[in-house]
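Counting in this note's numbering, the sequence shown runs from 161 upward without gaps. The C-beta atom is built at its ideal place from N, Cα and C for all residues, glycine as well. Model, not experiment: these values are computed from the prediction.
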Amino acid sequence: MIKANMKQRFFIFLFFLFISTLFWFLNTLSHDYTTTISYPVEYVGYPKNRHLVKSNKLPDKLQLTVTAFGFSLLRYNMSSIPLPISLNISNLKLNRIKGADTLKYFLLSNSIRSEISSQISSEFKIVSIQPDSLLFTFARMVTKKVAVKPDCHYKIAKQFMQTGDIVVYPDSVQVSGSHFILDTLRYIETRPITFNSLNQTFYGFVALSEPRDVILTSEKVLLQIPIERYTEAQIKIPVKIKNLPQNVELQIFPSIVTLRYHVALSNYSKFTPRDFEASVDYSEIATKQFLANPKLRIKINQAPAQISAIEYYPKYVDYLILK
């Protein structure tokens, strides 16, 4: 019986303790408090033909010292991330920094207190804002077209070859930024792309590397690296004689040279002897090198760009001078 009474008294005590704590908590929250809250901010509406220099890092949050009821502060702390304060720069009065060699301005945070107050809870009274000023460094906006330079690092798999130049589309982009940056900007590189063993044509989008303080009209370009399986081909072509005097007749043995080369399967039957040129130079007969090797050296002067690994034989020819 005594234990039952003690247990009952204990629960009564806990009940009144809870009630008194609740009233104390509610009474506390009904008072005004001053505290600092962190509020996100975004910047929009930059002046026409101006852009903010990227090295000018504006704060993405403002530290607002506010006075409000405890209930309001509790509700703010328990809520999700609030919508950012939007500052339209074109509508604000910026102060030019005298003597600056660029377009530098500052804005006193206190001057936009009403603008900020209108975008946050009406239950908050702003006491102060940090940072106390915002610095804006603008540059006059100019635009020009620059070439796109692919930054590609790749190895081609065995039995495959590159059948043409790397193609970039578009091959140039419009860039905007300050004139002192664009004056020295000659090209825009793609982001580095690496292949260890290409065995087919690469065709895909590659992002562009955006320089600091520059705005690009395109963020990526289409890149093509033509790759195809190759085979070995052979062709015979006549050897021409260069620098032959008018009163001299020269016969060479042999007068035909055989070329072997790698060619893509799709181009195997495309080329004829007219696409190649081999020659010897009569004027070499009078050189010292000729005395050491009394034969005329064959040179390959012309060959299609789509072939590679050219080998030919013979390398030298015998000759007979007929006057």
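Taking residue i and residue j to be in contact with their CB atoms under 8 Å, please state how far apart those CB atoms are, rounded to whole angstroms.
{"i": "T377", "j": "Y428", "result": "Wrong, their Cβ atoms sit about 42 Å apart, outside the cutoff."}
{"i": "T432", "j": "K396", "result": "T432 to K396, Cβ: 11 Å. No contact."}
{"i": "A228", "j": "E283", "result": "5 Å"}
{"i": "S271", "j": "K253", "result": "7 Å"}
{"i": "Y314", "j": "I385", "result": "7 Å"}
{"i": "M301", "j": "R210", "result": "6 Å"}
{"i": "I286", "j": "V226", "result": "6 Å"}
{"i": "V374", "j": "V328", "result": "Rounded, the Cβ-Cβ distance is 18 Å, inconsistent with contact."}
{"i": "T297", "j": "V366", "result": "Not quite, the Cβ-Cβ distance comes to about 31 Å (not below 8 Å), so this is no contact."}
For the candidate residues the options, whose alpha-carbon lies nearest to that of residue i?
{"i": "I467", "options": "R389, Q411, F362, N403", "result": "R389"}
{"i": "F320", "options": "R351, V335, V308, S357", "result": "S357"}
{"i": "P474", "options": "A463, S439, P464", "result": "S439"}
{"i": "N216", "options": "A299, V335, S281", "result": "A299"}
{"i": "K402", "options": "R457, S369, T418", "result": "R457"}
{"i": "F436", "options": "K400, L404, T447, Q406", "result": "K400"}
{"i": "P242", "options": "G364, K315, S198, I445", "result": "S198"}
{"i": "L263", "options": "I460, S338, A317", "result": "S338"}
{"i": "E349", "options": "S426, S278, V306, T194", "result": "V306"}
{"i": "I460", "options": "E444, S443, P398", "result": "P398"}
{"i": "V308", "options": "A446, I257, T195, Y347", "result": "Y347"}
{"i": "S269", "options": "I289, K258, K380", "result": "I289"}
{"i": "I445", "options": "K430, T354, L425, L480", "result": "L480"}
{"i": "Q394", "options": "V423, L218, K318", "result": "V423"}
{"i": "D292", "options": "P405, Y329, L218, L212", "result": "L218"}
{"i": "A469", "options": "F362, Q406, V408, T323", "result": "T323"}
{"i": "A463", "options": "K430, S277, R273, I316", "result": "K430"}
{"i": "L404", "options": "S443, F355, K208, V213", "result": "S443"}
{"i": "L224", "options": "Q406, T196, K208", "result": "T196"}
{"i": "A317", "options": "F362, Q334, R273, P330", "result": "F362"}
{"i": "P414", "options": "A465, L425, Y476, E370", "result": "Y476"}
{"i": "D220", "options": "Q406, Y203, Y236", "result": "Y203"}
{"i": "P330", "options": "E379, T447, N407, S277", "result": "E379"}
Are the beta-carbon atoms belonging to residue i and residue j less than 8 Å from one another?
{"i": "N255", "j": "G205", "result": "no"}
{"i": "L222", "j": "F266", "result": "no"}
{"i": "Q411", "j": "L345", "result": "no"}
{"i": "Q360", "j": "I326", "result": "no"}
{"i": "E471", "j": "R434", "result": "no"}
{"i": "K455", "j": "D478", "result": "yes"}
{"i": "D311", "j": "P352", "result": "yes"}
{"i": "Q279", "j": "S250", "result": "no"}
{"i": "T303", "j": "S336", "result": "yes"}
{"i": "G486", "j": "L383", "result": "This structure does not reach residue 486, given that the chain is present from 161 up to 483, and the question cannot be answered."}
Using the three-state DSSP reduction, which class does residue i fall into: helix, strand or coil?
{"i": "R372", "result": "coil"}
{"i": "S336", "result": "strand"}
{"i": "S439", "result": "strand"}
{"i": "R351", "result": "coil"}
{"i": "Y476", "result": "strand"}
{"i": "S282", "result": "coil"}
{"i": "F320", "result": "strand"}
{"i": "E388", "result": "strand"}
{"i": "I445", "result": "helix"}
{"i": "N248", "result": "strand"}
{"i": "L218", "result": "coil"}
{"i": "N461", "result": "strand"}
{"i": "I467", "result": "strand"}
{"i": "E535", "result": "No statement about residue 535 is possible, as the shown extent of the chain runs from 161 to 483 and does not include it."}
{"i": "Y159", "result": "Any answer about residue 159 is impossible in this case: the structure gives the chain only from 161 up to 483."}
{"i": "N356", "result": "strand"}
{"i": "Y345", "result": "What sits at residue 345 in the sequence shown is Leu, not Tyr. DSSP places L345 in coil when its eight states are reduced to three."}
{"i": "N255", "result": "strand"}
{"i": "P310", "result": "coil"}
{"i": "P330", "result": "coil"}
{"i": "P433", "result": "helix"}
Inside the stretch 396-429 only - alpha helix (DSSP H) runs reaching at least 4 residues: none
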